[in-house]
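Numbering (the working numbering), first residue to last: 678 to 1063.
Shown next as structure tokens:
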């Protein structure tokens, strides 16, 4: 599993390797697949996008639809592997440590561009795009907060505090307003569902939010005279052309849409100021344009089931509800101006997080490593050693 986590963090291209392996163990090793809303819906989305690509005679969209097949592989791996809290926490720690290295890469990247006279360069580190990079580091901040909640050890907390600062700096260097707003919303959601709030924890949370806000505002003003409100307005206004063009595209082909990469092929005919774009810069519009009403209905179904599972573990109160709620909130809020699930690394984080959510809601995650011997054997056969 360590190798798979490294592949995901390393680049969008290597990130697909774990998903390919998941498909491999499904077909070659006849791995048992849990037939639940996540795996079934991903398969239906794949078929929907694939059919849309065929109907639109688009080789590009047919190829693009196979990303959904990769996500199915991730769901299979995640649901089979994450059966104890120790495994979940170990992977979260590893993910955070590896992401801290990419944060350092981003900081070095910024310094190099400054020396080359490009002070306004927005970092992308190993994630390919500043906005997606911002969303990734925002998610890592949430994971660091969650791990801090579970630790009373002072040394460990100091390390996590250092990682929090590092991730915050990296997020600031992306200058992604969408990721910044999504993070604040997610931190608020994290705080709201935390039933074990203590005065000390509440103060730390509030101070963290204030620190992130002040840092972002100060950083923005130090680069240019544009205020955060102006930046937010620009984030929306720059996408109006894409959104209106996407609505036009949907109205022309409402049932199956234009294919997974329809806006990349035909966007220039509808988005006059932006030309061809990979997606509609809004998660709802992206599904409507790419797969029509069918794909959008499947997506809404998945979101409803995720909400129900979050409600189940909130009522039962499993402490993972804070992190999983916050990570889902990141996707929802950033989805207003972007589509993070189209980025392999963020899409896989989303799938893995909700596979863990499914396992918790259905009592498939144990508190320790006392798993049935048969489960261990099956898992060791199909997974890379932890």
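Ideal placement from N, C-alpha and C gives every residue a C-beta, glycine not left out. A quick note: this is a predicted structure, and the numbers were derived from the prediction, not measured.
query                                                                                                                                      : result
Segment contact flag, the segment 915–932 with the segment 968–988, C-beta cutoff 8 angstroms, min 3 pairs                                 : yes
Those runs of the alpha helix (DSSP H) which lie wholly inside the segment 722–750 and span at least 4 residues                            : 736–741
7 angstroms CB neighbourhood of residue 771 in its chain, flanking five on each side removed                                               : 679 and 682
Simplified DSSP assignment, three categories, for residue 761                                                                              : strand
Among 1012, 999 and 1013, nearest to residue 824 - alpha-carbon criterion                                                                  : 999
Residue 960 to residue 725 span [Cα, whole Å]                                                                                              : 17 angstroms
Simplified DSSP assignment, three categories, for residue 1043                                                                             : strand
Cβ of residue 784 within 7 angstroms of any chain D Cβ                                                                                     : The structure shown contains no chain D; it is built from a single protein chain.
For residue 713 and residue 1002, the rounded distance between their alpha carbons                                                         : 20 angstroms
Span separating the alpha-carbon of residue 764 from that of residue 974                                                                   : 33 angstroms
Alpha-carbon to alpha-carbon, residue 766 and residue 755                                                                                  : 13 angstroms
Beta-carbon contacts of residue 1052 that lie in its chain and below 6 angstroms, excluding the five residues immediately before and after : Caution is warranted here: a pLDDT of 47 is assigned to residue 1052, below 50, making its placement in the model unreliable, and the coordinate value is therefore given only provisionally. Correct list: empty, nothing qualifies.
Under the three-state DSSP convention, the category residue 961 falls into                                                                 : helix
Closest Cα partner of residue 995 within the set 794, 807 and 1042                                                                         : 1042
Limits of the alpha helix (DSSP H) - the one that residue 1031 falls within                                                                : 1021–1038
Per-residue DSSP class, three states only, for residue 1055                                                                                : The predicted model places residue 1055 with a pLDDT of 49, which falls under 50 and marks its position as unreliable; any figure quoted below should be read in that light. Note: residue 1055 maps to helix in three-state DSSP.
Proximity test, residue 738 beta-carbon vs the ligand FMN heavy atom, cut-off 6 angstroms                                                  : No copy of the ligand FMN occurs in the structure displayed, which carries no ligand at all.
Residue 692 (DSSP reduced to helix, strand or coil)                                                                                        : coil
Residue range of the unbroken alpha helix (DSSP H) whose run includes residue 943                                                          : 939–943
Spatial neighbours of residue 936 in its chain, beta-carbon cut-off 6 angstroms, leaving aside the 5 residues before and after             : 729, 730, 733, 735 and 738
Whether residue 919 touches residue 958 by CB criterion (7 angstroms)                                                                      : yes
Straight-line gap, residue 816 to residue 760 (C-alpha atoms, nearest Å)                                                                   : 22 angstroms
Distance CB(residue 780)-CB(residue 860) smaller than 7 angstroms                                                                          : no
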